[in-house]
DNA sequence: GGTGTTCATTTCATTATTTGCAACGGCATT
DNA sequence: AATGCCGTTGCAAATAATGAAATGAACACC
């Protein structure tokens, strides 16, 4: 395991759970020696990615992360282009809408607008959505590169609920259906009682770079809603692509 | 130089300049060997902090950074609490307002609302503001821990314009004045023709954690405006502190 | 007020990773 | 078809990382 991988795994540890963590807890959670953990944290602190409370000695994620994320957003304004579309879709549907971006680890939830209704679906920003268990994941798989799709179909499919898709054949069916329709549906695959409709956001090369989804309590959804949400979410996805890459993905732009 | 420091410096390189960079460029900019650079980048890619275009082989910052920044924001909702206040201040003043957070490297600009006027001050999000050359920096120094203030006063003070404060005595004067008034002013210290008024955002322990500033073209500002902006920006800063830590920084909360 | 406990931090010899050179291979341009 | 430019990989030398144990500091409990 490379040193940088260890250091970054510490960031993940600090990011999940309590806002601040003691050295011993971080070391135990990461499985590294106390001394090793501290030295890695010191390196991260020097770079501004971690901060340490002077008095309590507790560690937390640092503002340098915000800085790097902002620089990324400046180079590729995914949020700036998408957020208005997400908000419009949320207003139109009255349900929770969430936006995700592809990363090696899965689909990262980068923005959420929750439904104003009392009974609503809540999605924490930063959460990683599993490909096989969510509508967003299936929408993404339907329009991603063959290689990524194969990897997921061949990989493990942990069950989050009794309804989670657990084998490649079923998943492939859903993916094929989503490709035909232009949007996907997911029912309780990740969280019980939740139903989602998602569409892929395509990059300049025509492959998916993320997904946008409407999520609602299952009890509130009926057949007509699914059709309606499917059309709306697909249109929103195309709108985002257009904003990012210009109308219908012109050649010229490089970003995938 | 630790390996993680090298890896993170690569992130900085990728973040500045063009949205995507070739291996050779990154290696040259960072001053590492081609092989070393690539191996570090591979480690970062495995963690999702960097992405590589499959076809062009170009590297760019990855969505994992957004994820980490979101997790941080979930733990310490600086932006969620501050942005409405920043927007209100921008609306009230009609000038550009920017918000920054302290980090080891300086004050990181984390949010900006630009003036609607044609002749306005523009601040790129993610930019690091030097402590000695900006109103925000002076406001921060006036209310930070002694140790940090000493470090800055003892450190180098690069001149960005002919007006940049260049010696510890002058800087200390400005800082003392800012502490007495509760807000600071800066005139063309970082960028010519720009004037700013800033106030510190205090943490639960009473020390500064960031700053909020109004920035306008010097030609548009008169004496009365400075007084007015000073009061407004100080109130906005207190408002943010209150939202983050509750009224008048109660004991109990730990975050500095 | 003293003592015991817990946790962070430092030290140092050992170990393992990282490093840079150089060679290789692919790709596009000439 | 040849050439040059990048990205990629192999290997011995160099360097940084590691873990056990000692040290120090803070705290709570007698």
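Chains as they are written, first to last, in the numbering used here: chain A, 356 to 611; chain B, 356 to 611.
All C-beta atoms in this analysis are idealised placements derived from N, C-alpha and C, irrespective of residue type, glycine included.
Everything numeric in this text was worked out from a predicted model, so none of it was measured.
Exercise. Which same chain residues, not among the five before or five after residue 474 (chain B), have their C-beta less than 6 Å away from its C-beta?
Worked result: As a working note, residue 474 (chain B) is residue 119 in the second chain. If we look at residue 474 (chain B) and ignore the five residues flanking it on each side, its Cβ neighbours are 572.
For this session: Taking C-beta pairs closer than 9 Å, name the residues in chain B that residue 525 (chain A) reaches, listed in chain order.
Result: One-based indexing of the first chain puts residue 525 (chain A) at position 170. Close to residue 525 (chain A), with beta-carbon spacing below 9 Å, lies no residue of chain B; the smallest spacing is near 27 Å.
Exercise. To the nearest angstrom, how far is it from the Cα of residue 590 (chain B) to the Cα of residue 600 (chain B)?
Worked result: Within the second chain, residue 590 (chain B) is the residue found at index 235, counting from 1. Within the second chain, residue 600 (chain B) is the residue found at index 245, counting from 1. Roughly 15 Å separates the two Cα atoms.
Exercise. Does residue 612 (chain A) get closer than 9 Å to chain B when you measure Cβ to Cβ?
Worked result: Outside the modelled stretch of chain A, which goes from 356 to 611, sits residue 612 (chain A), for which no answer is possible.
Exercise. Could you give the C-beta distance for residue 485 (chain A) and residue 510 (chain A), rounded to a whole number, given that I count them as a contact under 8 Å?
Worked result: The residue labelled residue 485 (chain A) in the question sits at position 130 within the first chain. The residue labelled residue 510 (chain A) in the question sits at position 155 within the first chain. With a contact defined as Cβ atoms closer than 8 Å, residue 485 (chain A) and residue 510 (chain A) miss out at about 10 Å.
Exercise. Rounded to a whole number of angstroms, what is the C-alpha to C-alpha distance between residue 532 (chain B) and residue 466 (chain B)?
Worked result: Start at 1 with the first residue of the second chain, and residue 532 (chain B) comes out as number 177. Start at 1 with the first residue of the second chain, and residue 466 (chain B) comes out as number 111. Their backbone Cα atoms lie some 26 Å apart in a straight line.
Exercise. Does residue 427 (chain A) have its Cβ less than 9 Å from a Cβ in chain B?
Worked result: Counting from 1 along the first chain, the entry for residue 427 (chain A) is found at position 72. Residue contact with chain B for residue 427 (chain A): present (Cβ-Cβ distance below 9 Å to some residue of chain B).
Exercise. Which partner residues of residue 550 (chain A) appear in the DSSP bridge assignment?
Worked result: Counting from one through the first chain, the residue named residue 550 (chain A) turns up at place 195. Bridge partners of residue 550 (chain A): A:542, A:571.
Exercise. When you compare each of A:392, A:525, A:556, A:445 to residue 359 (chain A) by their alpha carbons, which one comes out closest?
Worked result: In the first chain, counting from the first residue as 1, residue 359 (chain A) sits at position 4. A check of alpha carbon separations from residue 359 (chain A) across A:392, A:525, A:556, A:445 identifies A:392 as the nearest.
For this session: Compile a chain-ordered list of the residues in the segment 393 to 422 of chain A whose CB is closer than 9 Å to at least one CB of chain B.
Result: Taken in chain order, the members of the segment 393 to 422 of chain A whose beta-carbon sits within less than 9 Å of a beta-carbon on chain B are 394, 395, 397, 398, 399, 400, 401, 402, 403, 404, 406, 408, 409, 410, 411, 413, 415, 416, 417, 418, 419, 420, 421, 422.
Exercise. Which residues in the same chain have their Cβ closer than 6 Å to the Cβ of residue 569 (chain B), if we skip the five residues on either side of it in sequence?
Worked result: Counted from its first residue, the second chain places residue 569 (chain B) at position 214. Result list for residue 569 (chain B): 448, 450, 452, 552, 584, 588, in chain order.
Exercise. Residue range of the beta strand (DSSP E) that residue 415 (chain B) falls in?
Worked result: Position 60 of the second chain, counted from the start, is the residue given in the question as residue 415 (chain B). Counting along the chain, the beta strand (DSSP E) containing residue 415 (chain B) begins and ends at 414 to 416.
For this session: Hey, could you find the ends of the beta strand (DSSP E) residue 463 (chain B) is sitting in?
Result: Indexing the second chain from 1 puts residue 463 (chain B) at position 108. Start and end: 461 to 468.
Problem set entry | Extent of the continuous alpha helix (DSSP H) to which residue 438 (chain A) belongs | In the first chain, the residue the question calls residue 438 (chain A) occupies position 83. Its alpha helix (DSSP H) spans residues 433 to 448.
For this session: Ignore the nearest five residues each way along the sequence and tell me which others in residue 605 (chain B)'s own chain have a CB closer than 6 Å to its CB.
Result: On the second chain, residue 605 (chain B) is found 250 positions in, with the first residue counted as 1. Residue placement at residue 605 (chain B) is flagged as unreliable, the pLDDT there being 41, under the threshold of 50; the coordinate-derived value follows with that caveat. Cβ neighbours of residue 605 (chain B) within its own chain (closer than 6 Å, five residues either side excluded): none.
For this session: List the residues of chain A that residue 374 (chain B) touches, going by C-beta distances under 7 Å, in chain order.
Result: Working through the second chain from its first residue, we reach residue 374 (chain B) at position 19. Simply 430, 431.
Exercise. Using the rule of at least 16 other Cβ atoms within 10 Å of the residue's Cβ for burial, across every protein chain shown, is residue 435 (chain B) buried or exposed?
Worked result: Here residue 435 (chain B) refers to the residue found at position 80 of the second chain. Burial check for residue 435 (chain B): the Cβ neighbour count within 10 Å stays below 16, so the residue is exposed.
Exercise. Does the distance from the C-beta atom of residue 439 (chain B) to that of residue 464 (chain B) stay below 9 Å?
Worked result: Numbered from its first residue, the second chain carries residue 439 (chain B) at position 84. Numbered from its first residue, the second chain carries residue 464 (chain B) at position 109. The Cβ-Cβ distance between residue 439 (chain B) and residue 464 (chain B) does not fall below 9 Å.
For this session: Would you identify the three-state DSSP class for residue 452 (chain B), choosing helix, strand or coil?
Result: Here residue 452 (chain B) is taken as the residue at index 97 of the second chain, counted from 1. DSSP places residue 452 (chain B) in strand when its eight states are reduced to three.
Exercise. Which two residues bound the contiguous alpha helix (DSSP H) that contains residue 406 (chain A)?
Worked result: Here residue 406 (chain A) is taken as the residue at index 51 of the first chain, counted from 1. Not the alpha helix (DSSP H): residue 406 (chain A) falls in the beta strand (DSSP E), residues 405 to 407.
Problem set entry | Residues that residue 330 (chain B) contacts on chain A, provided the C-beta gap is smaller than 8 Å | Residue 330 (chain B) lies beyond the stretch modelled for chain B, which goes from 356 to 611, so this question has no answer here.
Problem set entry | Three-state class that DSSP yields for residue 559 (chain A) in the structure shown | Indexing the first chain from 1 puts residue 559 (chain A) at position 204. Correct three-state label for residue 559 (chain A): coil.
Exercise. In chain A, what lies closer than 9 Å to residue 492 (chain B) by C-beta?
Worked result: Taking the second chain and counting its residues from 1, one reaches residue 492 (chain B) at position 137. The premise fails here: residue 492 (chain B) is roughly 15 Å from chain A at the closest Cβ pair, so nothing lies under 9 Å.
Problem set entry | Contact set for residue 482 (chain B): own chain, Cβ-Cβ below 6 Å, skip 5 residues either direction | In the second chain, residue 482 (chain B) corresponds to position 127, counting from 1. The residues are 464.
For this session: Would you tell me roughly how many angstroms separate the C-alpha atoms of residue 356 (chain A) and residue 403 (chain B), rounded to the nearest one?
Result: Walking along the first chain from the start, residue 356 (chain A) turns up at place 1. Walking along the second chain from the start, residue 403 (chain B) turns up at place 48. Cα atoms of residue 356 (chain A) and residue 403 (chain B): separation of roughly 15 Å, rounded to the nearest angstrom.
Exercise. Name the DSSP beta bridge partners of residue 457 (chain B), please?
Worked result: Stepping through the second chain from its first residue, residue 457 (chain B) is reached at position 102. Within the DSSP bridge table, the entry for residue 457 (chain B) names B:462 as partners.
Exercise. Does any CB atom of chain B fall closer than 9 Å to the CB of residue 357 (chain A)?
Worked result: Start at 1 with the first residue of the first chain, and residue 357 (chain A) comes out as number 2. True, the Cβ-Cβ gap to chain B drops below 9 Å.
Problem set entry | Residue-chain proximity (residue 504 (chain A), chain B), Cβ-Cβ < 9 Å | By one-based count along the first chain, residue 504 (chain A) stands at place 149. Not a single CB atom of chain B sits nearer than 9 Å to the CB of residue 504 (chain A).
Exercise. Does residue 371 (chain B) come within less than 9 Å of chain A when only Cβ atoms are used?
Worked result: On the second chain, residue 371 (chain B) is found 16 positions in, with the first residue counted as 1. By this cut-off, residue 371 (chain B) is an interface position.
Exercise. By DSSP, does residue 381 (chain B) sit in helix, in strand, or in coil?
Worked result: Locating residue 381 (chain B) in the second chain gives position 26, counting from the first residue. Collapsing the DSSP output to three states places residue 381 (chain B) in a helix.
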